[in-house]
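Some notes on the structure that comes next.
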Amino acid sequence: MARDRKSPLKADLPLSDIREEGMVHVVTVRSPSCRGRITAVEVPRLPRGYRALGAGDIPGENQLPILGTEIPILARDRVSYVGEPILLVAGPDPDVLERIRQEVRVVVLEEEPILEWESFSPEQVLLERNAILGDPDKAFETAAEVLEARFRTESQEHLYPEPQGAFAAFEYDKLVVRCATQWPFHVRACVRSVLGVKPQEVVVRPTPLGVPMEGRLWYPSVLACHAALAAVLCGKPARILLSRDEDFRYTPKKARSLVALKAGVDSQGTLSVLDAKVVLNTGAYAPLASELLEQACLHAAGSLAVPNLRVRGYAVRTHTPPLGAFSGMGAAHTLFAVEAFANRIARDRQEDPLEWRNRHILRKGSVLITGEPLRDRTSFDAIGQRLKAASDFRRKYGSNELIRKRRSTSRSEEAPRGIGIAFGYQANGASLTSLSSESFTVEATLNKDLSLSISTSAIAGDEGIRAIWRSTAAGILGIPLGRIAVSEVDTGDVPDSGPSVLSRNVAVVNKLIERCCVTIRSRRFRSPLPISARSVHRPRNPLRWEKESVKGYPFESISCGGAVVELEMDPWNKEPRILGTWLCVDGGRIASERFARSTLSASTLAALGQCFRERLPIEAGAVSVDGYREYGLLSLAEAPTIEIEFLPWEETDPIKGIGELPFLCVPAAFAAAAEQASDLAIDRIPFIGEEFVTGELG
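When we follow numbering that gives the first Met the number 0, the leftmost residue of the sequence shown carries the number 0, and every step to the right adds one.
The structure is reproduced here in structure tokens:
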């Protein structure tokens with residue numbers, strides 16, 4: 000590899016601000032078709048200093064491995080979605096590059112794309128998961144009543160403050176790669192594989208991540224490979240930075256889901272059996288399909304304890320841009336469905352939804368779908384009581400129900416109101432089946448000046464995570480917070496701590512920091528400074544999926560939460576207006592209440608926006624050309640009052656992850672409130688009121 004001495008760039012520098020002398024920009028030529036065989040790629044004569052790079056120029060592997068699936072770095076013979084990268088063009092002037100990109104002609108012999116996914120063919124199934132608890136068939140036979148419903152969630156966009164991209168340049172004999180990623184060592188492994196070099200020859204230094212919403216787990220590795228190819232083959236620093244429109248149209252989105260539920264209840268309305276069929280549309284190449292489907296299936300019963308449960312899950316491919324992870328990582332799909340279904344069952348039986356839930360709530364000792372009893376104490380009872388008091392839920396719910404039943408079928412000028420409640424739990428340190436044989440490490444060093452250095456590749460999306468790490472170390476070693484530093488991530492200097500996903504930063508990394516500090520404390524007065532300690536995490540009792548069952552324990556711990564949403568709905572256009580949102584959380588010990596409230600408030604607003612504002616239609620397998628300009632966000636003027644309450648904790652309680660709880664609770668609470676206000680069946684997120692108006696007028 001070439002050598003080029005450079006001074007290190009600042010770690011907090013956004014990608015768009017990274018520029019170096021002689022740097023080439025990189026643009027992508029993409030597939031114009033959903034599916035077909037590439038018959039020709041015609042490139043115009045390039046000016047001096049410009050170069051086109053295709054799959055044939057890749058010196059190593061042209062595949063990016065991601066948790067059990069593979070994705071081409073550049074399409075060679077076939078394309079599987081509109082916008083799939085085929086060719087890179089690198090050069091010094093972005094305007095010239097754009098002109099060249101427009102002149103490149105890609106010829107594809109088109110084939111009929113597969114876009115249907117709710118009724119899928121066996122050939123589309125990438126992965127299937129089945130599990131049975133108890134005897135569902137017998138329970139349905141003896142049930143007094145059987146109820147059914149289908150719920151859908153649509154694709155949504157992560158919409159980061161800065162579009163995705165990557166930068167690569169030589170620093171002495173190493174290639175340094177910069178990108179915003181949740182998994183630096185995955186970036187390194189992919190770049191190394193594509194270039195055909197040793198791991199030590201590639202160094203990854205992440206740029207600021209922000210709130211990832213699980214969308215920067217694997218895709219930054221693709222762009223890092225593109226930038227690295229250009230840097231190596233052009234012999235110059237290279238940067239690829241997608242335009243906002245390009246990012247919106249072609250990067251991964253939230254997977255679409257269909258959850259079909261069938262429940263059996265006895266004459267007293269007690270839930271005795273639940274059957275769940277989960278279908279995830281994971282688009283082309285199905286990235287993260289295994290982890291998404293696994294989490295969706297494991298959360299199929301939501302906050303309910305069901306003695307007889309059957310779950311059938313399918314991850315299916317379609318010829319659309321890759322669809323994958325979003326906040327809630329698979330669990331959000333099924334929690335929305337089962338929690339909304341629970342509210343509907345209670346309402347149809349004319350029961351208070353809180354009282355109905357209290358008879359079915361998940362408690363310590365309840366048997367999970369894996370057949371193992373839940374080890375954690377749950378707090379749904381206490382959460383429900385606090386939410387009821389804070390929101391005046393019982394009075395408002397009863398009043399709204401009376402009004403709903405008396406409501407005339409004719410239109411009224413008065414906006415009807417609704418209120419809904421839902422619960423959920425966030426799995427901390429959930430086992431990633433594809434990584435069950437891997438081990439991950441954190442190191443800590445007590446220096447001679449009695450300061451502490453923590454070394455990890457885990458990416459803290461905000462200062463709140465670092466505050467948790469420092470608080471843990473300070474409590475064990477008695478060191479002031481200001482004397483504790485978390486090293487900047489550099490894969491050449493820090494150990495591999497694994498991906499920052501599924502609350503691993505709290506459940507796994509924080510525990511490793513705790514172990515390191517306990518080791519240092521035990522040696523502190525017996526060994527000279529500096530003292531270093533290393534702690535390694537290996538999954539205990541990892542999940543094992545069999546033909547009709549799953550074995551193992553699915554997480555390290557859980558955080559419980561509940562949400563109440565109150566809204567009113569315009570009687571003419573069915574447009575909801577959020578009046579208030581209440582959140583109650585049991586997240587163990589809260590290291591920084593200020594950071595915790597800030598995180599939960601931001602997540603709650605994002606979750607509300609996903610309920611009825613953020614609409615991402617995918618037509619003919621592609622995101623609309625005007626998709627970015629038409630994508631709605633919840634405005635500040637629409638933001639409701641959000642009241643957040645934490646259950647009391649002890650100083651000895653563990654710290655748990657809480658940031659995903661709003662995405663797991665709020666959508667079902669919104670759906671219940673919207674159903675009460677509109678007297679409609681709200682079975683899809685995002686809710687689009689105009690469709691119901693069109694149906695009424697049609």
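No residue lacks a Cβ here, since even glycine has one placed at the ideal position from N, Cα and C.
Only a predicted model underlies this, so the values are computations on that prediction, with no experimental measurement involved.
In this structure Gly-608 is buried. Its beta-carbon is surrounded by 16 or more other beta-carbon atoms within 10 angstroms. Assignment of Glu-156 by DSSP, reduced to helix, strand and coil, places it in the coil class. With a 10 Å radius around the Cβ and a threshold of 16 neighbouring Cβ atoms, Trp-217 comes out buried. The residue from Gly-282, Tyr-80, Cys-178, Asp-461 with its alpha-carbon nearest to that of Phe-119 is Gly-282.
Out of Asp-136, Arg-522, Trp-571, Ile-657, the CA that lies nearest to the CA of Gly-561 is found in Ile-657. In this structure, DSSP gives Phe-439 an extended state, which the three-state scheme calls strand. Per DSSP, the unbroken alpha helix (DSSP H) holding Leu-511 starts and ends at 509-522. Relative to the Cα of Val-622, the nearest Cα in the group Thr-141, Arg-215, Glu-245 belongs to Glu-245.
In this structure the segment 335-350 touches the segment 146-158; the number of beta carbon pairs closer than 8 Å is three or more.
One Cα belongs to Val-26, the other to Trp-182, and the distance between them is close to 24 Å. Inter-residue distance for Arg-309 and His-359 is about 17 Å (C-alpha atoms, whole angstroms).
Positions of the beta strand (DSSP E) runs, each at least 3 residues long and wholly inside the segment 398-479, are given as 416-427, 439-445, 451-454 in order along the chain. In summary, Ala-636 is exposed, with fewer than 16 beta-carbon neighbours lying within 10 Å of its beta-carbon over all protein chains present. Within the same chain, Cβ atoms closer than 8 Å to the Cβ of Ala-304 are found at His-359, Ile-360, Leu-361, Arg-362, Ser-365, Val-366, the five residues on either side in sequence being excluded. Burial state of Tyr-171 is exposed, judged by a 10 Å Cβ sphere holding fewer than 16 other Cβ atoms. Distance from the Cα of Gln-294 is smallest, within the candidate group Leu-322, Arg-316, Ala-331, Ala-275, for Ala-331.
In this structure, Asp-76 lies near Ile-37, with their beta-carbon atoms less than 8 Å apart. Burial is judged here by how many other beta carbons sit within 10 angstroms of a residue's own beta carbon; Asn-427 has at least 16 and is buried.
Taken through DSSP and simplified to helix, strand or coil, Val-124 comes out as strand. Cβ neighbours of Glu-674 within its own chain (closer than 6 Å, five residues either side excluded): Ile-681. The beta carbons of Ser-30 and Glu-83 sit closer together than 8 Å. Going by DSSP, Ala-54 is part of no alpha helix (DSSP H) at all; its letter is neither H nor E. Unbroken beta strand (DSSP E) stretches of 3 residues or longer found wholly inside the segment 221-276: 237-240, 255-264, given in chain order. Segment contact: the segment 641-650 against the segment 109-126, fewer than three CB-CB distances shorter than 8 Å; contact not assigned.
DSSP places Pro-575 within a strand segment (E or B) once states are collapsed to three.
One alpha carbon belongs to Val-210, the other to Ala-324, and they sit about 14 Å apart.
Using a 10 angstroms sphere on the CB of Phe-524, the tally of other CB atoms stays under 16, which defines it as exposed. Contact between the segment 126-145 and the segment 310-318 is established, with three or more Cβ pairs separated by less than 8 Å.
Annotated as proximal: Thr-580 and Pro-639, with beta-carbon spacing under 8 Å.
Around the CB of Arg-104, fewer than 16 other CB atoms lie within 10 Å, so the residue is classed as exposed. Under the three-state reduction of DSSP output, Ser-634 falls in the coil class, being neither helix nor strand.
When DSSP states are grouped into helix, strand and coil, His-185 belongs to the helix group.
Taking 8 Å as the cut-off, the beta carbon of Leu-542 is found no closer than this to the beta carbon of Gly-497.
In the displayed model, Ile-641 falls within a strand according to three-state DSSP. In terms of Cα proximity to Ala-619, the closest of Leu-96, Cys-33, Ser-526 is Cys-33. Note on geometry: alpha-carbon atoms of Pro-527 and Arg-385 lie some 51 Å from one another.
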